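Per our numbering, the sequence shown runs over residues 201 to 559. Ideal Cβ placement from N, Cα and C applies to all residues, glycine included. Note that this is a predicted model, so its numbers are computed, not measured. Below is one structure, written out as structure tokens, with a few remarks after it.
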Amino acid sequence: MASSRIESPNFDPDPTVRHTAWVFLIGGSVWYTYGVSCSQDMIQRYLSLPTLEAARRASRGFVCGMLLVYSILFSLGMLIYATYHDCDPLTTNLAKAKDQLLPLFVMDTFQGYPGAAGVFVAGIFSAALSSLSSALNALAAIAFEDFCKPYFGNTLSESQIGYILRGSVLLFGAVSVVFIYIVEHLGAVMQLTMTLSSTSGGPLFGLFVMGIFMPWVNATGALYGGLAGLCSMAYLCFRSQASLATGEIVYTSKNVSIAGCTYQFENTTFPEPTFDEMEKSFHHISYLYFTLFGTFVSCLVGSVVSLVKKSENEEPLNQQLLAPFIRKYLTEKCQPAEHVELTETMLEKTVHNDIHRPE
């Protein structure tokens, strides 16, 4: 507590504060809900399971597992601080970036145990490749379905499809490697990841919200809402990262010490940078609110466009595609449940047939 590494919850309602209780409860919950329910790699995992109930169990297990992982990471962060509390590796240039603190801690802690550092590196690579492989497979599947399949139709053989998918994975992997040299100059990796994922995640989550909870939104409204959300999020994320790079947005760092260092290092003291108090702009909001903002813009524009551009020839809505608590408020615009049966068994059969359909 004395080092301010453990703080009482901050309930400041200012959305420009980087981390507060409201930021985590509201913005963080929306970002995490999108990641678990709507992201392409998670959906691909769900569709690989035989039944809908199995997908639900997998989702619950994933959430519980991630809570355990986050608890371990929080504890590990406190352990690293306790180890280097009086000799900060970043100040002494023993570590060049915050992302190097964990490898340094492992090397210092297990230096007397041969092979322990190698096991750590193997675990890091295994975890990274597991997530990366899912993302690359999802990108390859999307590229094939949206760009190749409409052009070639059903003329491709199974072997040709396999070559296209493998080539797509190779291409996206090469692009990812190139981006490594860009990402390392853009600040904290975790914040950058959440910021960039919000660019598409906010509008995509907004489309799901409109489809499940907003029966008055039509196809035209969903299209314009998604485009508006995508454009606004691209601008917001770009301005936010540019402001971080230019020093317009500055986050206060915790106090560190080098009083207990036992090794020689070049001690160069730099004066604390001073920044003029600038008027806060909208792109100064916390990065955890980005997904929520993109979702809100998509739903707002989608609703307005749907109310303005109503079509007389719209097909009745299927009640089974809406959230259960929404159905009791439906009007005659929707098909009653007895007219359209879309049971869990039918959904499972549809998913199974779509996955194994021959080309």
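How would you call residue i, buried or exposed, if buried means at least 16 neighbouring beta carbons within 10 angstroms?
i, result
"F490", "buried"
"I380", "exposed"
"M390", "exposed"
"G402", "buried"
"T220", "buried"
"N418", "buried"
"F465", "exposed"
"Y313", "exposed"
"F274", "exposed"
"T399", "buried"
"H552", "Unreliable placement is indicated for H552, whose pLDDT of 46 sits below 50; the coordinate value is still reported in the next sentence. Looking at its Cβ environment, which holds fewer than 16 other Cβ atoms inside 10 Å, H552 is exposed."
"K422", "In the sequence under discussion, the amino acid at residue 422 is Ala, which differs from the Lys named in the question. Flag for A422 reads buried."
"F525", "exposed"
"G323", "exposed"
"F347", "exposed"
"V505", "buried"
"V230", "buried"
Spatial neighbours of residue i within its chain, please: CB distance less than 8 Å, with the 5 preceding and 5 following residues excluded, ordered by chain position.
i, result
"Y246", "A255, A258 and S259"
"V217", "N210, V223 and S486"
"I449", "S440, S443 and H484"
"M278", "R205 and I206"
"A598", "The question about residue 598 has no answer here: the residues shown for the chain are numbered 201 through 559."
"F352", "none"
Could you tell me the distance, in whole angstroms, from the CA atom of residue i to the CA atom of residue j?
i, j, result
"P415", "T233", "21 Å"
"P289", "L356", "56 Å"
"M244", "S457", "For clarity, residue 244 is Gln in the given sequence; the question names Met instead. Distance between the alpha carbons of Q244 and S457: 47 Å."
"F305", "I280", "7 Å"
"V321", "F413", "44 Å"
"V375", "L365", "15 Å"
"W222", "E207", "15 Å"
"I272", "S237", "24 Å"
"L276", "I342", "37 Å"
"R205", "Q360", "55 Å"
"L301", "A523", "45 Å"
"P215", "T452", "16 Å"
"T420", "S432", "18 Å"
"G373", "M394", "20 Å"
"L392", "D212", "24 Å"
"A480", "N455", "The question names Ala, but residue 480 is Lys in the sequence shown. Roughly 25 Å between the two C-alpha positions."
"P350", "F344", "9 Å"
"G460", "Y424", "59 Å"
"S331", "V409", "26 Å"
"N293", "H285", "15 Å"
"N502", "F262", "Note on residue identity: the sequence assigns Gly, not Asn, to residue 502. Roughly 32 Å separates the two Cα atoms."
"A434", "L492", "14 Å"
"K296", "M307", "15 Å"
"C264", "G315", "31 Å"
"Y270", "L500", "33 Å"
"L252", "V377", "36 Å"
"D299", "K509", "50 Å"
"G367", "L249", "26 Å"
"V319", "Y363", "34 Å"
"P303", "L371", "30 Å"
"L329", "G411", "33 Å"
"Y463", "L268", "36 Å"
"F475", "M266", "Because F475 carries a pLDDT of 48, less than 50, the predicted location of this residue cannot be relied on, and no value is offered for it."
Report all residues from its chain with a CB closer than 6 Å to the CB of residue i; omit the five preceding and five following residues, and keep chain order.
i, result
"E358", "none"
"S239", "none"
"F405", "Y234, C238 and T495"
What is the C-beta distance between residue i and residue j, in whole angstroms, given that I count them as a contact (C-beta under 8 Å)?
i, j, result
"L436", "G227", "No, L436 and G227 are not in contact; Cβ-Cβ is about 13 Å, not under 8 Å."
"F310", "A317", "6 Å"
"G429", "S498", "3 Å"
"A340", "V369", "5 Å"
"L407", "G426", "5 Å"
CB-CB under 7 Å to residue i, same chain, minus the five flanking residues each way: which ones, in chain order?
i, result
"D241", "S334, A335 and A338"
"H483", "L436, R439, S440 and S443"
"V383", "V389 and L392"
"T291", "V456 and I458"
"C156", "The structure shown has nothing for residue 156, since the chain only spans 201 to 559."
"E515", "none"
So, is the C-beta of residue i closer than 8 Å to a C-beta in chain C?
i, result
"G494", "Absent from the structure is chain C; it holds one protein chain and no more."
| task | Let me know the alpha helix (DSSP H) ranges lying completely inside the segment 489 to 536, each 4 residues or longer, listed in chain order. | result | As for any alpha helix (DSSP H) of minimum length 4 sitting wholly inside the segment 489 to 536, the runs are 490 to 508 and 524 to 527, ordered along the chain.
Within the segment 231 to 263, ranges of the alpha helix (DSSP H) (whole runs, at least 4 residues)
Correct list: 240 to 247.
Along the chain, which unbroken stretches of the beta strand (DSSP E) at least 3 residues long are found entirely within the segment 207 to 233? The segment 207 to 233 is shown to contain no whole beta strand (DSSP E) run of 3 or more residues.
Can you list the alpha helix (DSSP H) stretches of 4 or more residues lying completely in the segment 346 to 421, in chain order? Listed in chain order, they are 349 to 352, 358 to 383 and 389 to 413.
### Query
Where are the beta strand (DSSP E) runs, 3 residues long or more, that stay fully inside the segment 297 to 340, in chain order?
As summarised for the segment 297 to 340, there are no continuous beta strand (DSSP E) elements at least 3 residues long confined to that stretch.
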